[in-house]
Amino acid sequence: MKFLVCISKAPDTTTKITFTDNNTKFNEDKVQWIMNPTDEWYALVRALELKETLGGTVTTVTVGKGDVEPVIRKGLAIGADDAVRIDADDTDAYQVASLIADYAKSENFDVIFTGKETINYNGFLVPGMLAELLDLPYVSLAVKLELNGNVATAIREIEGGEETLQVNTPLVISCQKGMAEARIPNMRGIMAARTKPLKVVAPGSVASLTVVKNFEPPKERGNVKLVSADNVEELVRLLHEEAKVI
Amino acid sequence: MSVLIFVETQEGKLKKSAREAASYGAKLAGKLGTDALAIALGKVEHSELATLGQQGVTKVLHEESSNFDHFDSRAYAKAVAAAADKAGATVVVLSSSFNGKALAPRLSVRLKAGLVSNATELANTDGGFTVKKAVFSGKGVANYSITTDKKIVTVNANSFPIASGGGAAAIEDFSAGLSASDFAIKITHVEKAGEGIPLPEAELVVSAGRGLKGPENWGMIEEMATILHAATACSRAVSDVDWRPHHEHVGQTGLTISPNLYIAVGISGAIQHLAGVSSSKTIVVINSDPEAPFFKAADYGIVGDAFQIVPKLNDALKKYFSSHN
Ligand SMILES: Cc1cc2nc3c(=O)[nH]c(=O)nc-3n(C[C@H](O)[C@H](O)[C@H](O)COP(=O)(O)OP(=O)(O)OC[C@H]3O[C@@H](n4cnc5c(N)ncnc54)[C@H](O)[C@@H]3O)c2cc1C
Ligand SMILES: Nc1ncnc2c1ncn2[C@@H]1O[C@H](COP(=O)(O)O)[C@@H](O)[C@H]1O
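Protein sequence lines correspond, in order, to chains A and B. Under this note's numbering, the first residue of the first sequence carries the number 1, and numbering increases by one thereafter. Under this note's numbering, the first residue of the second sequence carries the number 1, and numbering increases by one thereafter.
Spelled out as structure tokens, the structure:
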């Protein structure tokens with residue numbers, strides 16, 4: 001089986017977010033980059049587990065410039081066999097998906113794994129676009145995946161429940177909690193990652209369909225109004241009369 | 001030219017999020033000086049679809065085929081794209097439901113239409129087309145310009161009020177001309193999570209964390225949810241140890257929600273938790289530690305022991321509802 005895992009970088013979850021250039025750019029100064037959590041914990045690990053039982057290879061692909069390589073190496077340390085970096089800044093989801101599709105279309109992957117969404121622009125867009133560009137079925141928000149020959153059985157979350165489904169490979173699947181247990185790279189993995197192949201490919205020319213005009217800070221909330229523990233009726237009154245939510 | 005809204009149904013009824021998307025689309029169509037049409041797929045009564053007129057939709061295209069009774073993003077994308085062509089749509093609006101968010105990106109590729117997901121406000125159409133959405137897990141807001149001729153927007157739950165007042169929408173039977181081979185996904189089993197209100201669209205949410213000490217103590221939280229007709233949620237710490245099911249976990253790696261009211265009991269308010277709830281309209285925090293970071297992100301707070309406060313609050317809420325209903 002040939003597996004592809006799409007991996008992106010994201011600012012560490014505790015990063016303070018600021019903007020520069022008249023609020024038109026995200027300020028990357030002092031930002032600590034990590035592997036996007038759902039890519040690392042669920043997409044990558046489930047691909048590795050399936051490879052371990054069924055045989056095959058796990059390749060990772062990332063659209064990004066050189067500064068993303070420590071994140072890619074971490075994926076190799078966790079156990080991916082090789083990695084591809086498409087050498088472009090990620091400008092929007094369509095551009096990222098198009099570049100990955102260009103690379104993947106001649107590689108015949110059986111399953112393309114992605115995370116649920118990146119925690120920077122929170123799009124949840126790349127996997128669906130990739131599936132459409134490759135004309136593949138797409139299972140989103142999956143919590144389970146089993147393969148039997150070319151038949152995939154997956155469980156995905158729906159609003160108010162779960163759905164079990166069957167679909168033939170090849171397919172694109174976006175993964176969330178439940179799919180696998182996160183793995184921590186060990187010393188052997190980290191050493192091995194140094195010499196595993198990391199291929200850099202030049203990007204084709206693709207256009208973006210959207211552009212960020214500017215950023216704003218989130219809306220400020222006023223100071224918290226404290227209510228005494230002995231007077232919970234006051235909270236009910238405030239929720240009704242002031243906040244008007246009940 | 002028109003605005004096309006993809007409306008989802010569930011067990012023969014339009015979802016609340018579908019009416020929100022329809023209201024958004026109709027308002028946008030008004031600004032652009034054009035009509036709002038809708039597309040519905042699968043089994044649903046025409047009388048139900050006609051009520052979309054109240055949200056300002058003039059016509060609903062409907063393909064009834066039972067093939068659409070289960071969601072398959074590829075087949076749905078083909079069908080909605082065909083409807084967009086037929087309607088001459090320049091803007092397509094979907095809700096940011098789980099299915100809406102799986103479908104919209106495929107549609108973006110098919111229609112070569114720039115897409116912004118999770119819009120929180122009506123698009124600004126003065127000299128362009130910009131859409132506002134939360135980014136960096138709620139730590140920033142971005143104004144996106146869509147630069148293509150056709151545009152797609154998905155609308156966040158609870159971000160846009162449901163309009164009412166129009167007449168009945170006309171219904172037109174529609175066929176996207178798909179064949180059986182377009183449906184690749186076979187659903188073998190559906191498991192409902194229970195009787196409660198589903199969290200993604202809930203207007204009121206009661207949530208609890210590690211401060212509750214153990215899963216056996218959730219009775220009072222569920223009771224509050226029942227009194228309020230609210231959904232229940234939890235912190236990741238709690239779903240990680242299986243005190244609560246995963247689908248209740250909100251935050252950076254869980255669900256992002258924006259209810260009118262979010263009540264957090266025994267949750268510290270870690271930044272990754274706030275990421276999922278900070279766009280809630282009103283936040284109430286109950287925590288025994290006055291220094292808990294959540295108080296800085298709250299509108300109302302009670303410092304004290306949840307095991308004392310929550311039962312008292314439940315009584316007060318019961319009393320309030322019995323005199324107000
Ligand atoms: C990459 C990453 C992603 C993450 N994603 C998420 C996410 O999506 N969602 C999420 O929630 N977390 C997430 N976390 C975890 C997060 O950092 C916190 O660890 C978690 O939110 C803490 O949960 P908690 O508030 O329930 O528990 P705690 O932090 O242990 O807080 C318990 C609170 O209960 C209070 N308390 C104790 N006893 C009582 C009592 N009797 N009455 C009232 N109050 C009481 C305490 O004062 C305390 O404030 C993530 C972490 C990382 C590193
Ligand atoms: N620059 C990128 N390179 C590789 N994969 C990416 C990139 N951006 C997003 N992805 C993948 O697409 C998923 C969803 O991302 P998004 O659409 O940005 O929310 C992520 O979890 C990744 O698996």
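Just so you know, even glycine gets a beta-carbon here, dropped at the ideal spot from N, CA and C.
Contacts that residue i makes with chain A (C-beta to C-beta distance below 9 Å)
| i | result |
| --- | --- |
| Asn156 of chain B | Ordered by position in chain A, no residue passes the 9 Å Cβ test against Asn156 of chain B, which lies about 11 Å from the chain. |
| Gly140 of chain B | Ile17, Thr18, Phe19, Phe26, Phe215, Glu216, Pro217, Pro218 |
Contacts of residue i in chain A (Cβ-Cβ under 7 Å)
| i | result |
| --- | --- |
| Ala77 of chain B | Glu132 |
| Val109 of chain B | Met129, Glu132, Leu133 |
| Phe295 of chain B | Val224 |
Rounded separation between residue i and residue j - CA only
| i | j | result |
| --- | --- | --- |
| Gly196 of chain B | Ile34 of chain A | 36 Å |
| Lys13 of chain B | Ile302 of chain B | 40 Å |
| Thr226 of chain B | Lys213 of chain B | 21 Å |
| Met129 of chain A | Ile263 of chain B | 36 Å |
| Lys31 of chain B | Ala79 of chain B | 27 Å |
| Thr253 of chain B | Lys318 of chain B | 34 Å |
| Thr51 of chain B | Ala40 of chain B | 13 Å |
| Asn29 of chain B | Asp35 of chain B | Position check: residue 29 of chain B holds Ala in this sequence, whereas Asn was assumed. Rounded to whole angstroms, Ala29 of chain B to Asp35 of chain B spans 6 Å at the Cα level. |
| Ser98 of chain A | Ser174 of chain A | 17 Å |
| Leu261 of chain B | Pro11 of chain A | 29 Å |
| Ala306 of chain B | Thr195 of chain A | 54 Å |
| Ser17 of chain B | Ala157 of chain B | 6 Å |
| Leu386 of chain B | Glu248 of chain B | Coverage of chain B is limited to positions 1 through 325, which leaves residue 386 of chain B absent and any answer about it impossible. |
| Lys312 of chain B | Ala243 of chain A | 20 Å |
| Ser323 of chain B | Asn231 of chain A | 18 Å |
| Val209 of chain B | Lys199 of chain A | It should be pointed out that residue 209 of chain B corresponds to Gly in this sequence rather than to Val. When rounded, the distance between both Cα atoms is 44 Å. |
| Thr9 of chain B | Asp69 of chain B | 10 Å |
| Ala292 of chain B | Ala270 of chain B | 9 Å |
Interface residues of chain B facing residue i [CB-CB closer than 8 Å]
| i | result |
| --- | --- |
| Ala142 of chain A | Within 8 Å Cβ-Cβ: nothing; Ala142 of chain A doesn't reach chain B, min ~11 Å. |
| Arg221 of chain A | Ile283, Ala297, Ala298, Asp299 |
Within chain A, partners of residue i - CB distance below 8 Å
| i | result |
| --- | --- |
| His189 of chain B | Glu163, Thr164 |
| Ala264 of chain B | In chain order: nothing, as chain A lies at least about 12 Å away. |
| Asn143 of chain B | Val212, Lys213, Asn214, Phe215, Glu216 |
| Leu261 of chain B | Leu239, Ala243, Val245, Ile246 |
| Leu313 of chain B | Val232, Leu235, Val236 |
| Pro215 of chain B | In chain order: nothing, as chain A lies at least about 18 Å away. |
CB contact check: residue i to chain B, cutoff 8 Å
| i | result |
| --- | --- |
| Glu260 of chain A | Shown here, chain A extends from 1 to 246; a query on residue 260 of chain A therefore has no answer. |
| Ala229 of chain A | yes |
| Pro137 of chain A | yes |
| Phe19 of chain A | yes |
| Asn168 of chain A | yes |
| Arg46 of chain A | no |
| Val232 of chain A | yes |
| Val283 of chain A | Given that chain A is displayed from residue 1 to residue 246, the structure contains no residue 283 of chain A and the question cannot be resolved. |
| Gly149 of chain A | no |
| Thr38 of chain A | yes |
| Glu157 of chain A | yes |
| Arg188 of chain A | no |
| Gly204 of chain A | no |
| Lys30 of chain A | no |
Whole-number beta carbon distance between residue j and residue i, since they are thought to touch under 8 Å
| i | j | result |
| --- | --- | --- |
| Thr120 of chain B | Lys132 of chain B | 6 Å |
| Thr91 of chain A | Ser208 of chain A | 5 Å |
| Ala21 of chain B | Leu94 of chain B | 6 Å |
| Pro259 of chain B | Val310 of chain B | Contact doesn't hold; Cβ gap of about 18 Å is too wide. |
| Gly114 of chain B | Thr147 of chain B | 6 Å |
| Asn22 of chain A | Val135 of chain B | At roughly 17 Å, the Cβ-Cβ gap does not stay under 8 Å, so Asn22 of chain A and Val135 of chain B are not in contact. |
| Glu168 of chain A | Asn150 of chain A | Note that residue 168 of chain A is Asn in the sequence shown here, rather than Glu. With a Cβ gap of about 5 Å, Asn168 of chain A and Asn150 of chain A count as contacting. |
| Leu274 of chain B | Ala297 of chain B | 5 Å |
Cutoff 8 Å: residue i Cβ touching any chain A Cβ
| i | result |
| --- | --- |
| Phe307 of chain B | no |
| Ser322 of chain B | no |
| Gln55 of chain B | no |
| Phe160 of chain B | no |
| Val374 of chain B | As shown, chain B starts at 1 and ends at 325. That puts residue 374 of chain B outside it, with no answer to give. |
| Pro105 of chain B | yes |
| Ser97 of chain B | yes |
| Val153 of chain B | no |
| His247 of chain B | yes |
7 Å Cβ cut-off: residues of chain B touching residue i
| i | result |
| --- | --- |
| Val96 of chain A | Ordered by position in chain B, no residue passes the 7 Å Cβ test against Val96 of chain A, which lies about 11 Å from the chain. |
| Thr91 of chain A | Neighbours of Thr91 of chain A on chain B: none; closest Cβ ~11 Å, over 7 Å. |
| Gly79 of chain A | Ordered by position in chain B, no residue passes the 7 Å Cβ test against Gly79 of chain A, which lies about 21 Å from the chain. |
Per-residue contacts from residue i into chain B (C-beta, under 9 Å)
| i | result |
| --- | --- |
| Val68 of chain A | Chain B residues near Val68 of chain A: none, gap ~17 Å exceeds 9 Å. |
Cβ-heavy atom distance, residue i to ligand 4, below 7 Å
| i | result |
| --- | --- |
| Val58 of chain A | Absent from the structure shown: ligand 4. Ligands present: ligand 1 and ligand 2. |
Distance cut 7 Å, beta-carbon to ligand 2 heavy atom: residue list by chain order:
A:Cys6, A:Ile7, A:Ser8, A:Asn36, A:Thr38, A:Asp39, A:Ala43, A:Val61, A:Thr62, A:Val63, A:Gly64, A:Asp90, A:Ala93, A:Val96, A:Ile100, A:Thr114, A:Gly115, A:Lys116, A:Glu117, A:Thr118, A:Tyr121, A:Asn122, A:Gly123, A:Phe124, A:Leu125, A:Val126, A:Pro127, A:Ser174
Any residues in the region 100-128 of chain A with a beta carbon nearer than 7 Å to a beta carbon of chain D? Which ones, in chain order?
Note that chain D does not occur in the displayed structure, where the protein chains are A and B.
Test item, CB below 5 Å from any non-hydrogen atom of ligand 1
A:Thr13, A:Pro37, B:Gly209, B:Arg210, B:Gly211, B:Ser235, B:Arg236, B:Ala237, B:Gly251, B:Gln252, B:Thr253, B:Gly254, B:Gly266, B:Ile267, B:Ser268, B:Ala270, B:Gln272, B:His273, B:Asn287, B:Ser288, B:Asp289, B:Ala292, B:Asp305, B:Ala306
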